[in-house]
Every structure is written in C-alpha cells, then in structure tokens.
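A.B. asks:
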Amino acid sequence: MGFRKDFMWGGATAANQCEGGIFEGGRGLANVDVCPAGKDRNAVITGHMKMLEMDGEHRYPAAEAVDMYHHFKEDIALFGEMGFKTYRMSIAWTRIFPNGDEEEPNEEGLRFYDEVFAECKKYGIEPLVTISHFDCPIYLIKKWGGWRSRRMIDCYLRLCEVLFTRYKDAVTYWLTFNEINMILHAPFMGAGIYFEEDEEEEKIKYQAAHHELVASALAVRMAHEINPENKVGCMFAAGSAYPYSCRPEDVWEALVVDQENYFFADVQARGYYPSYAKARLKKNGVFPEMEPGDEEILRKYPVDFISFSYYNSRCIAAPGGDQEEAEGNLFKSAKNPYLKFSQWGWPIDPLGLRITLNEVYDRYQKPMFIVENGLGAVDTVDEHGEISDDYRIDYLRDHIKAMRDAVEEDGVDLMGYTSWAPIDLISAGSGEMKKRYGFIYVDKQEDGTGTLERRRKKSFYWYKKVIESNGEEL
Ligand code: BGP
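This note's numbering applies: residue 1135 is where the sequence shown begins, and numbers increase by one.
#1: Does the distance from the C-beta atom of residue 1592 to that of residue 1523 stay below 8 Å?
#2: Shortest alpha-carbon distance to residue 1397 belongs to which of 1608, 1486, 1533 and 1414?
#3: Quick one: is residue 1526 buried, meaning 16 or more other Cβ sit within 10 Å of its Cβ, or exposed?
#4: Where does residue 1239 sit, in a helix, a strand or coil, going by DSSP?
#5: For residue 1466, verify whether its CB is less than 7 Å away from any heavy atom of ligand 1.
#6: Please work out which residues of its chain come closer than 7 Å, Cβ to Cβ, to residue 1181, disregarding the five sequence neighbours upstream and downstream, and give them in chain order.
#7: Can you list, in chain order, the residues of its chain whose CB lies under 6 Å from that of residue 1222, leaving out five sequence neighbours each side?
#8: Give every residue of the same chain whose Cβ lies closer than 6 Å to the Cβ of residue 1452, excluding the five residues on either side of it in the sequence, and list them in chain order.
#9: Quick one: complete alpha helix (DSSP H) runs, 4+ long, within the region 1206-1263?
#10: So, are the CB atoms of residue 1667 and residue 1558 less than 8 Å apart?
#11: Work out the CA separation of residue 1573 and residue 1564 for me, nearest whole Å.
#12: From this set, 1588, 1159 and 1444, which residue's C-alpha is nearest residue 1493's C-alpha?
#13: With DSSP as the reference, identify every bridge partner of residue 1552, one or two as the case may be.
#14: Could you tell me which of 1392, 1434 and 1555 sits nearest to residue 1402, measuring between CA atoms?
#15: Identify, in the order they occur along the chain, each residue of the same chain with its Cβ nearer than 8 Å to the Cβ of residue 1136, setting aside the five sequence neighbours on each side.
#16: Could you give the residue range of the beta strand (DSSP E) that holds residue 1368?
#17: Thinking C-alpha only, which one of 1294, 1240 and 1311 is nearest residue 1441?
#18: Name the DSSP beta bridge partners of residue 1590, please?
#19: Please go through the same chain and pick out, in chain order, the residues whose beta-carbon is closer than 7 Å to the beta-carbon of residue 1291, but skip the five residues on each side of it.
#20: Using alpha carbons as the reference points, say which of 1214, 1391, 1590 and 1555 lies closest to residue 1516.
#21: I need the straight-line Cα distance from residue 1301 to residue 1224, nearest angstrom please.
#22: With distances taken Cα to Cα, identify the nearest neighbour of residue 1143 among 1567, 1555, 1569 and 1582.
#23: Measure the beta-carbon distance from residue 1164 to residue 1269 and round it to whole angstroms, keeping in mind my assumption that it falls under 8 Å.
#24: Can you pull the DSSP bridge partners for residue 1449?
#25: Any chance the CB of residue 1554 is under 7 Å from a heavy atom of ligand 1?
#26: In the DSSP output, what is residue 1297 paired with across the bridge?
#27: Should residue 1467 be labelled buried (16 or more other beta-carbon atoms within 10 Å of its own) or exposed?
#28: Is there a Cβ of chain C sitting closer than 8 Å to that of residue 1244, yes or no?
#29: With respect to 7 Å, is the separation between the Cβ of residue 1266 and the closest non-hydrogen atom of ligand 1 below this value?
#30: So is residue 1481 buried or exposed if we call it buried at 16+ other beta carbons inside 10 Å?
#31: What residues are listed by DSSP as bridge partners for residue 1170?
#32: Do the CB positions of residue 1314 and residue 1335 come within less than 8 Å of each other?
#33: May I ask whether a heavy atom of ligand 1 can be found less than 7 Å away from the beta carbon of residue 1151?
#34: Residue 1258 to residue 1281, Cα distance in whole Å?
#35: Name the one or two DSSP bridge partners that residue 1557 has.
#36: Out of 1602, 1586 and 1594, point me to the one whose CA is closest to residue 1204's CA.
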C-alpha cells in the first residue's frame, strides 16, 4: 500500500518570509513587513504594541528576507531537482493590491506570479497557493482596523476574484487563510488587529474570526464558480492537546483547548458553528454579530479538503498547577516529560502527528493535506562547505514514518505533504534568520550580512530520495 501514487510531495513557504523586495514592483506595505525582529516582536504580533510604520530603531527582516523575489528561478530549479510534485507558496496581497482596495490590480505584481507559476510548470510542480498567509495591507489596517471590520470581506474577495481569474490555468489548489486559528494567539500577524487600551480583546478576535470564516466560505463559492476544477482547503495550526494527567480536571481542560483549536476548521469543514462554541461564546459575551444570510453561506460552501500545520503536540493541565512550561507553535503549554525538545524548546512528537491525523480525519472525513511540518535549528557550514543536518533528517524521517502509519494502518486519506520550509527563511514567530528549516541553506546571517548564495544541505539529497521512492526509502 503506502502513499497514493499521486501523493503531493513538496515544501511550503510564505511570501513575507522569503520574498523580500517589499519596495519593488509597486508593492504596498503589509502587517508582516512592520513586525520587527527582536524584543518587541511578540508585543507587535499579538496586537499589544501598535506599529503601522517602519521606524529606524527596529530591524524588519521581511524587507529582504532571502530575496526570493530575485532568486525564484534558481530556487524553483532546486525544488525541481529534489523532485517536488507541489510547491506551497503564498501571494503577497500588496503586490496585487498595494493598498488593498484599489479598483484595478497592479499588473507588475500579477506578472511576477505569472513568472513564478511558469517556472513551476517547467519542472512539473503543481502550485498550492495560500491566498493570505499572515498578510493584511497596512492601508486597510489604518482605514478599517484589519479584520475586525466586515469591510475586509469585500477587499479579500476582490483579491480572490483577480487571483482565480488570472491564474485559472496555472493554479488549481488554494488555501483561504494560513493558520486561521492564529487570530486568537497573534491577532496582528494573523488578521491585522491591534488593541486600544481597555478593549474587549476576545470579542474583537471572535468578530474578526467570523469575518474571515464568511470570507473563506465565499471564496470557496467563487473558486468553484470560476473554475469547477478548483480545490479549496482550510488551514489551521494543529497539534493535539494531551491531558497532563488522567485527573479529570486535566482531561477536561485539554478537551476545551482542543475544541478552541478546532473551532475554525469545524466551521469551514462542517459549515456551522459547533454547539460548544455557540454556548461558550454566548456565555462569555463574545459571540460575534452576524448578518442575515451568514449562516447559510457557511453551510453552503464548506471546503474541499482540510490542511494543517503540525510542529508539536501540547500538554494541558488544569489551572493552578505548578508544572514546567514548554514553548511551541501557537502557544506555551505544560512540559511533557516523555518528549524531547528542539533548540527552540518545541516538543518533538512524531506519534503526535499520527494522533492528530486520526483525530482530524475522524472529525471531518475529508481528504487531508499536511502543509507544514519541520524542524527549526541552527545550521553550520563546515570547512568543506557542507551542512550535515542529520537532526533535521531524523525529525522528518520520524514524522513521515508516523504519517505513513496513519495512511497504511489507520486508513486516513492523505493527499500530500509539504515540509516547512524547503529553503531557509525568516521565522514567523521570532523574526530570526538563524532558526533555519530548509533543505537549501541561504547565506544570510542574523545581522543581515551574507551573499544570499544557495547551498544544498545533506537533507536535500535525503528528501530527494524520499520523493523518488514515494516515501518508501526513509
Ligand atoms: C507557522 C507559520 C509559518 C512558519 C512556521 C514555523 O505557524 O504558518 O509561517 O513560520 O509556523 O514557525 P516559526 O517560523 O516561528 O519557527
């Protein structure tokens, strides 16, 4: 058995973390451009420090990133060399609409992605496009306050219309929002929201979530109308919540955390607000305002497939305990004593991926796509110019094995796997360059120096074999 014959192997990136060139090609400024590296980043991405311009005091890593804007031909050729079947990437909204609400799109931005897709085609690589990967035009944030405003829906749909039409022959696979559940944890990065003092943060976040959920459903409708071949997925940050112990209070708390995390995909896949969300959001006074017709829209246009990122599981204890904490994608949780941790303190839990795949498939019974999974680590180039990233190979091997078990032994329906990230790029959480994920090393250092030269790591050759053997040779 094993993976399906047409299994979509590849890698995933996001425009703001790899492209750079933020002042080129008529591009406008976006939220992610003004998230600085360093101590203030967390306050900015969580919406607790207002930053809508660049200021000289800070360093903004998205400005150059790894300059894929000028290196994309070389980079896609390397993806082709690894045998990629697919490349997950995002389109920078402000290359297409620099302010976000113009009547006409920016032709230069559209042409850039024409060229990117043409390169993919050369190597038989199917693009998988995230329409919004932590991406919101600054102009719309200043004008409407980002996704807290319902007016964002029209701006987003105008973007979708242009993309679905222009790239009709080049792109069939789309994701509406990257890690949509990140609104709850990093609202500025996820949805262009920053808070004024004394605002009801939960209420604003769930209102913004509702706007994105409606926008996502309408995007599904539009994608199918423009090209019935289009397949549209949701995307959320997954990773099961384990109870810290079998104490019922811990089990309960873990269930609640899981539900909070699944809320978005529940709506996007099943087409309605789940009963737990309705009850709890109402009780907490944060149930969003809806317009007549919203519920029908959600019901009529669910996604075609479910995609998610998986980096780690979480371990949840009832409040009041004194457990140690661990880092992780999304948020901190109790430290799981049975696991090892990455250099950034994220738990490493391959079996957790199998658990998550089972949970998600049980819940939705729709095809799934793992669109992010990888290890952020410091890499060093040795005296022969080689990068022996065996730790990354180990991480990926174990996760791919777990996913193979889920396919072979548990019967989950998995379409593909795109590892994060095929090439070194800027970290979303920390803004660092030294947290590397790639199969391809980029000579760009933490202080911004470097030649931007690309180099194949040991994992590059390993992943090539994995793809060649359709996941048999690990
Ligand atoms: C996900 C994001 C990515 C990516 C990844 C790794 O949350 O969708 O954009 O960056 O996490 O996280 P980090 O870059 O913080 O290591």
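Built from N, CA and C at the ideal position, the CB exists for glycine as well.
Since the model is a prediction, treat every value here as computed from it, not as a measurement.
C.D. replies: Once the coordinates are examined:
#1: Yes, Cβ-Cβ distance for residue 1592 and residue 1523 is below 8 Å.
#2: Comparing Cα-Cα distances from residue 1397 to each of 1608, 1486, 1533 and 1414, the minimum goes to 1414.
#3: With 16 or more Cβ atoms within 10 Å of its Cβ, residue 1526 is classed as buried.
#4: Coil, per DSSP.
#5: Placement of the Cβ of residue 1466 at a distance of 7 Å or more from every heavy atom of ligand 1 is found.
#6: These residues qualify, in order along the chain: 1321, 1322, 1327, 1328 and 1329.
#7: Correct list, in chain order: 1146, 1262, 1505 and 1552.
#8: For residue 1452, where only same-chain residues beyond five positions count, the Cβ hits under 6 Å are 1383, 1384 and 1387.
#9: Listed in chain order, the complete alpha helix (DSSP H) runs (minimum 4 residues) inside the region 1206-1263 are 1227-1230 and 1241-1256.
#10: Past the boundaries of the shown model lies residue 1667; the chain is included only from 1135 to 1608, so the question cannot be answered.
#11: Inter-residue distance for residue 1564 and residue 1573 is about 20 Å (C-alpha atoms, whole angstroms).
#12: Closest option to residue 1493, Cα to Cα, is 1444.
#13: Beta-bridge pairing links residue 1552 to 1144.
#14: Nearest option by C-alpha distance: 1434.
#15: Excluding positions up to five away in sequence, the list reads 1538, 1541, 1542, 1604, 1605 and 1606.
#16: Residue 1368 -> beta strand (DSSP E) spans 1365-1371.
#17: Ranking 1294, 1240 and 1311 by CA distance to the CA of residue 1441 puts 1311 first.
#18: Its beta-bridge partners are 1574.
#19: Excluding sequence neighbours, residue 1291 sits near 1349, 1352, 1353 and 1356.
#20: Of 1214, 1391, 1590 and 1555, the residue nearest in Cα terms is 1590.
#21: So the alpha carbons of these two residues sit roughly 13 Å apart.
#22: From the listed residues 1567, 1555, 1569 and 1582, the smallest Cα separation to residue 1143 is found for 1555.
#23: Between residue 1269 and residue 1164 the Cβ distance is about 5 Å, and since that is below 8 Å, they are a contact.
#24: DSSP output for residue 1449 lists 1376 as bridge partner(s).
#25: For ligand 1, at least one heavy atom lies less than 7 Å from the Cβ of residue 1554.
#26: Under DSSP, residue 1297 takes part in no beta bridge, so it has no partner.
#27: In summary, residue 1467 is buried, with 16 or more beta-carbon neighbours lying within 10 Å of its beta-carbon over all protein chains present.
#28: Protein chain content of the structure displayed is limited to a single chain, and chain C is not contained in it.
#29: For ligand 1, no non-hydrogen atom lies closer than 7 Å to the CB of residue 1266.
#30: The residue in question, residue 1481, is buried, as its Cβ has 16 or more Cβ neighbours within 10 Å.
#31: Beta-bridge annotation (DSSP): residue 1170 is not paired with any residue.
#32: Against a cut-off of 8 Å, the Cβ pair of residue 1335 and residue 1314 comes out as no contact.
#33: Yes, the beta carbon of residue 1151 sits closer than 7 Å to at least one heavy atom of ligand 1.
#34: Put simply, the backbone Cα of residue 1258 is about 36 Å away from that of residue 1281.
#35: 1574, per the DSSP bridge assignment.
#36: In terms of Cα proximity to residue 1204, the closest of 1602, 1586 and 1594 is 1586.
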